[in-house]
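Quick note on the numbering used here: the sequence shown kicks off at 419 and runs consecutively.
Virtual Cβ for every residue (Gly too), placed ideally from N, Cα, C.
Working notes, structure below.
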Amino acid sequence: MTVLRFCVFLHQSRNSGQQGDMDGARRLGRMARLLSIVSIILGTIIISLLLVLNINMYT
């Protein structure tokens with residue numbers, strides 16, 4: 419879900435930049451970067467938890 423929001427903000431940022439709204443493009447770009455970092459961290463946590471649970475299930 420976060421990845422989809424990241425893509426939306428990225429697209430809006432690019433459109434704002436093309437229309438000359440540099441402040442809006444920077445703001446939306448920062449939000450897109452934040453959402454991408456959050457999705458990477460959440461994905462890493464979820465994968466790690468699944469691996470730990472899977473390993474504990476077979477020991």
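DSSP places G442 inside the alpha helix (DSSP H), whose first and last residues are 440-475. Sequence-distant Cβ neighbours of F424 in its own chain, meaning closer than 7 Å and more than five residues away, are A450, L453, S454, S457.
S431 counts as buried, since at least 16 other C-beta atoms from the protein chains shown sit within 10 angstroms of its C-beta.
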